[in-house]
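To start, the structure under review is shown below, and the notes come after it.
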Amino acid sequence: METKITIGIADMKMAQGSGMLITYALGSCIGICLYDQKIKLAALIHIMLPLNMEPGRKNTMKYADTGIRETLKMMESKGASRSRITAKIAGGAKMFEVRGGSLGNIGQRNIESVHMHLKREGIQLLKEDVGGSVARTLLFDPATGMACVRCYGRPEMII
Numbered sequence: 232m233e234t235k236i237t238i239g240i241a242d243m244k245m246a247q248g249s250g251m252l253i254t255y256a257l258g259s260c261i262g263i264c265l266y267d268q269k270i271k272l273a274a275l276i277h278i279m280l281p282l283n284m285e286p287g288r289k290n291t292m293k294y295a296d297t298g299i300r301e302t303l304k305m306m307e308s309k310g311a312s313r314s315r316i317t318a319k320i321a322g323g324a325k326m327f328e329v330r331g332g333s334l335g336n337i338g339q340r341n342i343e344s345v346h347m348h349l350k351r352e353g354i355q356l357l358k359e360d361v362g363g364s365v366a367r368t369l370l371f372d373p374a375t376g377m378a379c380v381r382c383y384g385r386p387e388m389i390i
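Heads up, the numbering used here is the position in the sequence shown plus 231, with the first residue counted as 1.
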């Protein structure tokens, strides 16, 4: 039986070579799978918001900008090479209609922020399953680098 490593909301965990990283309830949030194939080091971040505007930046994994940056640093400290790290993402759904809301579609803002910060960090985005209006569960296998997206009412998708 493979060990399941659960990533909570505003959280990140890593695994190398074995186990199964899994995060649930990706509505407007985004799951970001980062992977160095050569050393089979995988990280999964569950971000909630596009930018860290928090004074003191306490929970870096809550935000796309600081979550991606800090995770890359941690991966590099374990031997990953920035030039080999690739990404896959899922989530960013529009879960609710907000009338007159100044924040707009947070899922879309999260997608744009993740795209921008991956590009800024020089990380190639291989595949994604984003947008729509359904919550997703994301599983990420450190042995193979394969990610699986599950959501209600449609078949599993490998990304």
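Heads up, the beta-carbon is just placed ideally off N, CA and C, and yes, glycines get one too.
Spatial distance of residue i from residue j (CA atoms)
i, j, result
"Ile389", "Lys289", "33 Å"
"Tyr383", "Gly248", "29 Å"
"Met292", "Ile263", "11 Å"
C-beta atoms of residue i and residue j nearer than 9 Å
i, j, result
"Gly310", "Asp372", "no"
"Met251", "Thr302", "no"
"Ser259", "Asp296", "no"
"Gly362", "Ile337", "no"
"Ala324", "Leu257", "yes"
"Met243", "Leu272", "no"
Of the residues the options, the one placed nearest residue i, counting alpha carbons only
i, options, result
"Leu356", "Lys271, His346 and Arg381", "His346"
"Ile316", "Thr237, Ile354, Leu282 and Arg385", "Ile354"
"Arg385", "Val365, Lys325 and Gly376", "Val365"
"Arg340", "Glu233, Ile238, Tyr294 and Gly239", "Tyr294"
"Ala318", "Glu233, Met326 and Ala378", "Ala378"
Residues near residue i by beta carbon distance below 6 Å, same chain, minus five either side
i, result
"Glu359", "Ile320"
"Ala241", "Met279, Asn290, Met292 and Lys293"
Close beta carbons around residue i, own chain, < 8 Å, minus the five adjacent residues each side
i, result
"Ile238", "Lys244, Leu252, Ile253, Thr254, Gly262, Leu275, Ile276 and His277"
"Lys269", "Ser312 and Arg315"
Cβ-based neighbour list, residue i, same chain, cut-off 7 Å, excluding 5 preceding and 5 following
i, result
"Lys235", "Met251 and Ile253"
"Met284", "none"
Endpoints, beta strand (DSSP E) assigned at residue i
i, result
"Leu303", "Note, Leu303: premise wrong, no beta strand (DSSP E); alpha helix (DSSP H) at Ala295 to Ser308."
"Val365", "Neither: Val365 is in no beta strand (DSSP E) and is coded neither H nor E."
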